[in-house]
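Count the sequence shown with this note's numbering and you get residues 1328 to 1760, in order.
Glycine is no exception: its CB is placed at the ideal position from the N, C-alpha and C atoms.
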Amino acid sequence: MNDKINVGGNAIQSVETAQRMLEMIHDLGECQDARQILVAALRHYRFLFGEYKGMILLLDDPKSGNWRSLGLESPYGQSWGGISHNMLPENSSTDQIGSDLGKDATPWITNDPPFRRAFVESSEGFVAHDGVLAVRLATFTGLNANIFWAASWRRPGGSHAWSILAFDNAHAPNEERFGLYCTAVETTSRMAYYPSLLQSVARTERINQSIRRNIVHDLKTPITVIKGYAETLREPEIAADPEIAEELFNGIVESCDRLLADIKDIIEPIEGEWKPNLEEFDLAMMLHKVVLAERHTERSKHHNLVLQGADEPVIVCGDRRKLMRVVENLLSNAVKYSPGLNKNVWVKLTHYANRVMIEVQDEGLGLSQDQVKRVLDDCERVVDESLGIEGSGFGLNSCQLVLKAHGGKLEVDSEQGVGSVFRAILQKSLEVI
């Protein structure tokens, strides 16, 4: 028995049905995220198609070839082990929900011939009524159903997905309404894409704003250092000491070089495929210079900067300029996010085997675990804007890319109201290319 029945045509045959479709489209248009979209769809599908058992979304990943199954319970039916509407997270896309709450369906979809023919080798909607495919779907979903309606769930970028509605014989709608179901699914899937698109646009705009703030921040830092060196040289007792004066002059020259390099970085930003410009240098000496430069800034004049573990040379092979930017970023953040007088900031260098660790510890505002994740993963600023602390939140993302390119990583321990410890870990020696 061939249980896969292709049907089509417009199933809107009454004013009442047309009105319900319009209501669904209106409600979907008012939704702000995928959760609201799916909840609205579950509600309207009941009005349009009757007492269904549950809805299943099958989502593929074109890159990996894996499939996820997201079983959604009817808000009006008995629980069968699927996802209820109150379990759906807010501010997430359909793919994110499927990834977080769905189950791996790859073996079923790719290895079972009826599934593969229906969902992989075809894009035509179908009704499975009894027969092999219906039995397979009942077993796969765990639903006490023997009739399944499957319609293509549209997604951007060529990804494949299906929306499957399950019924038992007692509540099965007329198959003439299957065309209406295909229309409803297409409308729902398109609407589900728009909130995620808007969220993506909003996130891109936040990143662009962060980049603009970061440009100001990156140019301001070396200029502030140069100004600090120059103001120090204006002190008569400093200018009279040739050794100190020469050190400050050299600092001005190095800061000017760094300013030119920063402009180049802005034009050529660090991205995922960035490769370090390797050279051997003394990391301990570099830390002395970074700490000294930070001490001459206005923001650090009421802080105590303590450098530990840098009394002897520590030779590493890496990108000197980019690693200096990492330390400068972590140190300036530690100072900025430790408002108040006489706050301590420690910079500690530890090395063992082929690993080097630079710890920057402060007595600042601290972060919650959620804030740490947002800062590191989403490039967001989480500080209260009313505090007036400058920065973009984008710098730590660049730090992670630099450390990753050096075979390392960035770790964070933090407690709100106590302070933070940022650990920059990298390999001591990379192969010079």
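Just the C-alpha distance for residue i and residue j, rounded to the nearest angstrom, thanks.
i, j, result
"residue 1685", "residue 1425", "39 Å"
"residue 1483", "residue 1727", "30 Å"
"residue 1427", "residue 1643", "41 Å"
"residue 1508", "residue 1502", "10 Å"
"residue 1635", "residue 1737", "19 Å"
"residue 1746", "residue 1670", "11 Å"
"residue 1556", "residue 1732", "32 Å"
"residue 1751", "residue 1480", "44 Å"
"residue 1650", "residue 1683", "12 Å"
"residue 1491", "residue 1606", "58 Å"
"residue 1353", "residue 1443", "35 Å"
"residue 1368", "residue 1514", "10 Å"
"residue 1349", "residue 1365", "17 Å"
"residue 1591", "residue 1359", "40 Å"
"residue 1757", "residue 1614", "19 Å"
"residue 1561", "residue 1664", "30 Å"
"residue 1589", "residue 1392", "42 Å"
"residue 1564", "residue 1570", "12 Å"
"residue 1661", "residue 1558", "24 Å"
"residue 1457", "residue 1500", "15 Å"
"residue 1402", "residue 1439", "31 Å"
"residue 1701", "residue 1419", "15 Å"
"residue 1718", "residue 1580", "Note that residue 1718 scores 46 on pLDDT, short of 50, meaning its location in the model is unreliable; the coordinates nonetheless yield the value given after this. One C-alpha to the other measures close to 25 Å."
"residue 1411", "residue 1449", "29 Å"
"residue 1404", "residue 1351", "20 Å"
"residue 1390", "residue 1437", "15 Å"
"residue 1409", "residue 1624", "58 Å"
"residue 1474", "residue 1363", "27 Å"
"residue 1575", "residue 1568", "11 Å"
"residue 1697", "residue 1417", "16 Å"
"residue 1755", "residue 1452", "58 Å"
"residue 1506", "residue 1383", "18 Å"
"residue 1413", "residue 1578", "60 Å"
"residue 1445", "residue 1342", "33 Å"
"residue 1357", "residue 1345", "19 Å"
My guess is that residue i and residue j are in contact by the Cβ rule of under 8 Å, so how many angstroms apart are they, rounded?
i, j, result
"residue 1495", "residue 1472", "5 Å"
"residue 1387", "residue 1487", "5 Å"
"residue 1459", "residue 1441", "5 Å"
"residue 1476", "residue 1454", "6 Å"
"residue 1611", "residue 1546", "So it is not a contact: roughly 28 Å between Cβ atoms."
"residue 1511", "residue 1372", "7 Å"
Can you list, in chain order, the residues of its chain with a C-beta nearer than 6 Å to that of residue i? Leave out the 5 residues immediately preceding and following it.
i, result
"residue 1572", "1566"
"residue 1673", "1633, 1688"
"residue 1749", "1657, 1687, 1739"
"residue 1620", "1552"
"residue 1695", "1743"
"residue 1429", "1395, 1396, 1397"
"residue 1280", "In the structure as shown, the chain starts at 1328 and stops at 1760, and residue 1280 therefore has no counterpart that could be examined."
"residue 1691", "1664, 1665, 1746"
"residue 1463", "1441"
Do residue j and residue i have their beta-carbon atoms positioned less than 7 Å apart in this structure?
i, j, result
"residue 1687", "residue 1658", "yes"
"residue 1498", "residue 1400", "no"
"residue 1407", "residue 1470", "yes"
"residue 1519", "residue 1361", "yes"
"residue 1735", "residue 1723", "no"
"residue 1381", "residue 1493", "yes"
"residue 1668", "residue 1629", "yes"
"residue 1604", "residue 1646", "yes"
"residue 1627", "residue 1693", "no"
"residue 1385", "residue 1489", "yes"
"residue 1729", "residue 1678", "no"
Keeping to the same chain, check which residues put their C-beta closer than 7 Å to that of residue i; ignore five residues upstream and five downstream.
i, result
"residue 1617", "1651, 1654, 1655, 1658"
"residue 1602", "1732"
"residue 1517", "1481"
"residue 1609", "1640, 1641, 1642"
"residue 1622", "1632"
"residue 1370", "1402"
Going along the chain, which residues of its own chain have a beta-carbon closer than 8 Å to the beta-carbon of residue i, five neighbours each way excluded?
i, result
"residue 1703", "1723, 1724, 1727, 1737, 1739"
"residue 1583", "1549, 1553"
"residue 1467", "1396, 1432, 1435, 1442"
"residue 1648", "1585, 1588, 1604"
Where are the beta strand (DSSP E) runs, 3 residues long or more, that stay fully inside the stretch 1596-1620, in chain order? 1606-1609
For the stretch 1631-1669, list the alpha helix (DSSP H) runs that are entirely contained and at least 4 residues long, ordered along the chain. 1647-1663
Complete runs of the alpha helix (DSSP H) confined to the stretch 1328-1412 [at least 4 residues]: 1342-1357, 1361-1376
Could you pull out every unbroken alpha helix (DSSP H) segment of at least 4 residues lying fully inside the stretch 1494-1523, listed in chain order? none
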